[in-house]
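Here the protein sequences line up with chains V and U, keeping their order.
Under this note's numbering, the first residue of the first sequence is numbered 104, with each subsequent residue one higher.
Under this note's numbering, the first residue of the second sequence is numbered 163, with each subsequent residue one higher.
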Amino acid sequence: MNWVILIYGILAGACVFLAATRGRIWWRERRAWAHLAFVVCCVLPISMYWAGSHLPWMMTLSLAYLAVALGLVLGEDLTRSARMTKRLTESETALRASERRLEAAGVVAWEWDVSRDEVWMGARDRAKMGFTTDEPIDRERLFHDVHPDDRAAMAAEMQRVLDHGGRYECEYRCVLPGGSVRWISDRGRAEMDTNGRVARVRGVSVDVTRRVESEESLAAQRRQLGQLSRTTMHGELSGSLAHELNQPLTSILSNAQTAQRLLAREPVDAALLRDILDDIVTADKHASEVVRRVRALVKNDEQVRQREDLNEVVNETLRLLRTDLQAQGVRIETDLAATLPGVIADRVQLQQVLLNLTVNACDAMSEIAPESRRIVIRTEVVSSTVLGVSVEDSGTGIAPEMMGKVFDAFRTTKTKGLGLGLSVCRTIIAAHGGALWATNNPTRGSTFRFTLPTSEPHP
Amino acid sequence: MNAPSPTVFLVDDEELVRRAVSRLLRAENFAVETFASPEEFLAKTDTTRPGCVVLDMSMPRLTGLDLQRALKANGSHLPLIFLTGRADVPMTVKAMKGGAVDFLIKPVDDAVLLKAVCTALEHDRVQREQRVDLENFRTRLATLTPREREVLDHIVTGQLNKQVAADLGTVEKTIKVHRARVMEKMKISSIAELVRIMERLAQARK
């Protein structure tokens, strides 16, 4: 009987030992416990009962059973351990591959712990972004490298994400090790904690300098094209310029010659001479104003956008073109909306567009009889947020095969001019948030229409 | 009959130009009236008054050429001087064909403008006199009896009294009497004069 108790004692000890070391896993698995419970609850009393006569082989059975059960459990442990190691290795390989991919793409991954205000970044990425391997990266440290003009926007975006969660997106200039300034684009997403507040933001940063630079070069090209177009329009305006200047010049000449006559007489009418000189000064100022206005139209100035009234722009453009149009025998009609909300736009550019469209309309009618030449310019409220302007002519219309190409650069049916006008007009209108297109009229001629968003939406 | 003094009517949409040109004309003792648009001029003026019109070619709405047409339609005989900042050949031709006295380019030299105005006013004066004369002739013509009128029509073709008598189936003596009465009523002293008058009347009718 003694050595039975001894063996059970050893086995019990072994079970306790194993439970202590692997208890958690076993608990999850529950199988080991089932084995032990079976042994304890069933085999033990039976073997005790049979202890008298059949003790030796009952004991052997239960011992064998226990041994097998324990063997299985231990075996499972070992295989699980091997499996875990294998998964860990695979996982580490995948992580390394992922890191290499990010590096190949030039992407830096980070994680911002909000409560600690600390950004985690891999060692390699830290070096890339100009951080040392150990220094803690808080918001202040981040801003240190960011271009001062971009800091406000970045801080605002961070605050927005802190308040509302969701996606984090920001583009800014950054000083990198070596002193170079690059455009960085950050993209990330906020993760909430159990209280519904933002706990961390995870994301990546990409160097987008090349993209930004190419955008800027495109904008510069467009400006250049605009300048080229302005200089070609210069020729188109010279007739009106001459006429506009002739009025003040006439006033000055006639006044001065009248003064000469008056001075030859006795007595000299000083009051009248004073009136004459006042008028000469006024006329001179008018002339300067005309020159200034036309010069503004051909100068390559930076855009100045402010609130403009489309009706005023139309009227001013027509004043500039009036003589040229009359010389061609063209009748101009306007149909301007009575109340028109304003648009935020560059007045000079809008005038350019209208000038171009009107001159085009005029040219479109050069082949038809003078009596039938008619241009109608309309302004209207298209919707509560959109205004429309249209220039309609009574010419020969646009040939069907030309319809799609009418706005192409360097396409012209005229003998002079570079054919730049319409393509630049389209660019200008698009830059203002509108659209420019052409249609043929049901009766005769064609209509060029453009829309612009209004700065004063109304229901 | 006392003709009212001639007036220069100045039509230009630019105020500075109106002031300067009217000053110049008034300094030379012309009577000037200014208007900012052809519509204003037509509405406020009796276009049978003596004088001339100095007008800008390119004005909004009604242009100078439109005014020229309107005046003709009204039966006005006011001479026109066009003043314009821009001169292209078609415009000039149209204006002159429409009967303008002159076509001047802005800015205009004072001597040139004054000469044109003088010419135009003289033109107007002469035309008026001629029109008055013609009117008188017409009145006098109307006083002729039908028979006398017949005789007149024959005389002006250069026929001798004998031939006229033969054509009209009457005696030479009768013709002589009619002829004397015609000359008296028409207040003329020679056939040549009568012929000229009848030609002028015929011209005016065209």
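All C-beta atoms in this analysis are idealised placements derived from N, C-alpha and C, irrespective of residue type, glycine included.
Computed from a predicted model, the values in this text were never measured in an experiment.
Minimum length 3: unbroken beta strand (DSSP E) runs contained in the stretch 436-519 of chain V: With a minimum length of 3 residues, the continuous beta strand (DSSP E) runs that stay inside the stretch 436-519 of chain V are 446-448, 477-484 and 489-496.
Run of the beta strand (DSSP E) containing residue 556/V, from where it starts to where it stops: Under the DSSP assignment, residue 556/V falls in the beta strand (DSSP E) whose first and last residues are 549-556.
Segment contact flag, the stretch 228-245 of chain U with the stretch 258-266 of chain U, C-beta cutoff 8 Å, min 3 pairs: Three or more pairs of CB atoms, one per stretch, sit closer than 8 Å, so the stretch 228-245 of chain U contacts the stretch 258-266 of chain U.
Residue 468/V versus residue 496/V: straight-line alpha-carbon distance, rounded: Between the alpha carbons of residue 468/V and residue 496/V lies a distance of about 7 Å.
Whole runs of the alpha helix (DSSP H) within the stretch 195-256 of chain V, excluding any shorter than 4 residues: Listed in chain order, the complete alpha helix (DSSP H) runs (minimum 4 residues) inside the stretch 195-256 of chain V are 226-232 and 242-248.
Proximal residues to residue 558/V (C-beta, below 8 Å), its chain only, five neighbours per side dropped: Result list for residue 558/V: 410, 444, 445, 446 and 447, in chain order.
Rounded straight-line distance, which links the Cα of residue 442/V to that of residue 488/V: Their Cα atoms are separated by approximately 14 Å.
Separation of residue 320/U from residue 226/U, as counted between CA atoms: The alpha-carbon atoms of residue 226/U and residue 320/U are separated by roughly 47 Å.
Span separating the alpha-carbon of residue 390/V from that of residue 174/U: In this structure, the straight-line span from the alpha carbon of residue 390/V to that of residue 174/U is close to 18 Å.
Chain-ordered residues of the stretch 416-438 of chain V with a beta carbon less than 7 Å from chain U: Within the stretch 416-438 of chain V, the residues whose Cβ lies closer than 7 Å to some Cβ of chain U are 425, 426, 429 and 430, listed in chain order.
Cβ of residue 389/V within 8 Å of any chain U Cβ: Any Cβ of chain U closer than 8 Å to the Cβ of residue 389/V would place that residue at the interface, and such an atom is present.
Residue 301/V beta carbon less than 8 Å from that of residue 268/V: In this structure, the beta-carbon distance from residue 268/V to residue 301/V falls below 8 Å.
Given 8 Å, three or more beta-carbon pairs between the stretch 376-385 of chain V and the stretch 351-359 of chain V: With the cut-off at 8 Å, the stretch 376-385 of chain V and the stretch 351-359 of chain V touch.
For residue 521/V, the three-state DSSP class (helix, strand or coil): Legend: pLDDT at residue 521/V = 44, less than 50; position of this residue unreliable, no value from coordinates given.
Whole-angstrom distance between residue 338/U and residue 330/U, CA atom to CA atom: Across the structure, residue 330/U and residue 338/U are spaced so that their CA atoms are roughly 13 Å apart.
Between the CA atoms of residue 204/U and residue 510/V - distance to the nearest angstrom: Roughly 46 Å between the two C-alpha positions.
Buried versus exposed call for residue 191/U [16 or more other C-beta atoms within 10 Å across all chains shown]: Exposed, since its Cβ has fewer than 16 Cβ neighbours within 10 Å.
CB contact check: residue 364/V to chain U, cutoff 8 Å: Cβ-Cβ to chain U under 8 Å: yes for residue 364/V.
C-beta contact flag for residue 267/U and residue 317/U at 8 Å: Taking 8 Å as the Cβ cut-off, residue 267/U and residue 317/U do not qualify as a contacting pair.
Per DSSP, the bridge partner or partners of residue 196/U: For residue 196/U, which the question treats as bridged, DSSP gives the partners 172/U.
Coil, strand or helix - residue 300/U by DSSP: Here DSSP, grouped into helix, strand and coil, assigns residue 300/U to helix.
Chain U contact for residue 454/V (CB, 8 Å cutoff): Residue 454/V has a beta carbon lying at 8 Å or more from every beta carbon in chain U.
CA nearest to the CA of residue 285/V, picked from 232/V, 321/V and 196/V: If we check each option's Cα against that of residue 285/V, 232/V comes out closest.
Residue nearest to residue 247/U in terms of C-alpha spacing, selected from 334/U, 188/U and 220/U: Per the Cα distances, 220/U.
Selection of the stretch 366-382 of chain V by Cβ proximity to chain U, strictly under 7 Å: Within the stretch 366-382 of chain V, the residues whose Cβ lies closer than 7 Å to some Cβ of chain U are 379 and 382, listed in chain order.
Residue 216/V versus residue 290/V: straight-line alpha-carbon distance, rounded: Distance from the CA of residue 216/V to the CA of residue 290/V, rounded to the nearest whole angstrom, comes to 16 Å.
Simplified DSSP assignment, three categories, for residue 163/U: Unreliable placement is indicated for residue 163/U, whose pLDDT of 46 sits below 50; the coordinate value is still reported in the next sentence. In the three-state reduction of the DSSP assignment, residue 163/U falls in the coil class, being assigned neither a helical nor a strand state.
Distance between residue 504/V and residue 348/V (C-alpha atoms, nearest Å): When rounded, the distance between both Cα atoms is 42 Å.
Any C-beta of chain U under 8 Å from that of residue 86/V: No answer is possible for residue 86/V: the residues shown for chain V start at 104 and end at 562.
is_contact[residue 262/V, chain U] using C-beta, thresh 8 Å: With its beta carbon at least 8 Å from every one in chain U, residue 262/V lies outside the interface.
With 16 other Cβ atoms within 10 Å as the buried cut-off, status of residue 426/V: The residue is buried, with at least 16 neighbouring Cβ atoms inside 10 Å.
Chain V contact for residue 179/U (CB, 8 Å cutoff): It does; some Cβ of chain V falls within 8 Å.
For residue 342/U, the first and last residue of its enclosing alpha helix (DSSP H): Going by DSSP, residue 342/U is part of the alpha helix (DSSP H) stretching over 334-348.
Inter-residue CB distance, residue 249/V and residue 277/V (contact presumed, cutoff 8 Å): Right, their Cβ atoms sit about 6 Å apart.
Stretch pair the stretch 227-246 of chain V + the stretch 201-214 of chain V: three plus CB contacts closer than 8 Å: Yes, the stretch 227-246 of chain V touches the stretch 201-214 of chain V.
Residue-chain proximity (residue 519/V, chain U), Cβ-Cβ < 8 Å: Bear in mind that the predicted position of residue 519/V carries a pLDDT of just 46, short of 50, making it too unreliable to give a figure here.
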